[in-house]
Amino acid sequence: MIGRLNHVGVATPSIEESVRLYTEVLGATKVTAKKAMPEQGVWVCFVDLPNSQIELIEPYGDNSPITAFLAKNPKGGQHHVCFEVKDIIAARDDMKAKGATVLNNGVPRIGAHGVPVIFVHPKDMGGVLVELMQEPGAAH
Ligand code: CO
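So in the numbering used here, spot 51 of the sequence shown is number 44, and the numbers just go up one at a time.
This is the structure we're talking about:
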């Protein structure tokens, strides 16, 4: 069962430009430093909101998983939503048992929050790319 909305992923051709938008235009006050995640092929940066976060993602390297998305959406756009789950393996097995396609052959990766994550294909999720993330601090 899904828990809290952890963050909304937003793809952008420029994290710096997006940070300017979220801080100067929208008035956000807390933004994390831009961080490279070479294994995931992305740069990430979080905008902290009172009840959630926006995860800004920019391509890193030549084989970024968001390059195709940005080719279709040159200005960037909403890319995924991330819900917390208590146990990532149980959630993965549950998704597969229900017929959903879990990306990366269902193998969890360590995400930007330092906890395991999986992605569920949008074709099985009403057109939304869904990230499931083990609750930070939850034991497994
Ligand atoms: Co994410």
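For glycine and all other residues, C-beta sits at the position ideal for the given N, C-alpha and C.
- Scan the segment 3 to 79 and note each continuous beta strand (DSSP E) run of 3 residues or more that stays entirely inside, going in chain order. Secondary structure within the segment 3 to 79: the beta strand (DSSP E) runs of 3 or more consecutive residues, fully enclosed, are 28 to 30, 35 to 41, 46 to 52 and 70 to 78 (chain order).
- Message: Relative to the C-alpha of T25, which candidate in V18, I50 and E32 has its C-alpha closest?
- Response: Ranking V18, I50 and E32 by Cα distance to T25 puts I50 first.
- Task: Measure the alpha-carbon distance for G120 versus Q71 and round it to whole angstroms.
- Result: Taking C-alpha positions only, G120 is separated from Q71 by approximately 12 angstroms.
- Query: Beta carbon of W36, beta carbon of P52: below 9 angstroms?
  - Reply: In contact: W36 and P52 (Cβ atoms closer than 9 angstroms).
- Query: Using a threshold of 8 angstroms, is the CB atom of H0 nearer than that to any non-hydrogen atom of ligand 1?
  - Reply: A heavy atom of ligand 1 is found nearer than 8 angstroms to the CB of H0.
- Message: Just to confirm my understanding: we take R(-3), look at its own chain, exclude 5 residues before and 5 after, and list those with CB closer than 6 angstroms. What are they?
- Response: Cβ neighbours of R(-3) beyond the five flanking positions: E77.
- Query: Considering only C-alpha positions, which residue in the set Q127, L19 and I8 is nearest to C75?
  - Reply: Nearest option by C-alpha distance: Q127.
- Got a sec? Which residues, its chain only, sit under 8 angstroms from V110 by beta carbon, not counting five neighbours each side? Only C75, I81, P101, R102, I103, G104, E124, L125, M126 and Q127 meet the Cβ criterion.
- Query: Looking at G92 and D55, is the spacing between their C-beta atoms short of 9 angstroms?
  - Reply: No. Outside cutoff.
- Message: Please state the DSSP three-state secondary structure of P109.
- Response: Looking at P109 - three-state DSSP - the assignment turns out to be strand.
- Please list, in chain order, all residues of the same chain as Q46 whose beta carbon is under 6 angstroms from its beta carbon, the five residues on each side excluded. Answer for Q46: H0 and F39, listed in chain order.
- Exposed or buried, which one is G130 when buried takes at least 16 other CB atoms within 10 Å? Of the other Cβ atoms in all chains shown, fewer than 16 fall within 10 Å of the Cβ of G130; this residue is therefore exposed.
- Query: For K89, which residues of its own chain have a beta-carbon under 8 angstroms away from its beta-carbon, when the five flanking residues on both sides are left out?
  - Reply: Here the set comprises V95 and G99.
- Continuous alpha helix (DSSP H) stretch holding M88: start and end: Where M88 is concerned, the enclosing alpha helix (DSSP H) stretches over I81 to A90.
- Give the single residue among H73, V3 and G69 whose Cα lies nearest to the Cα of P115. Nearest option by C-alpha distance: H73.
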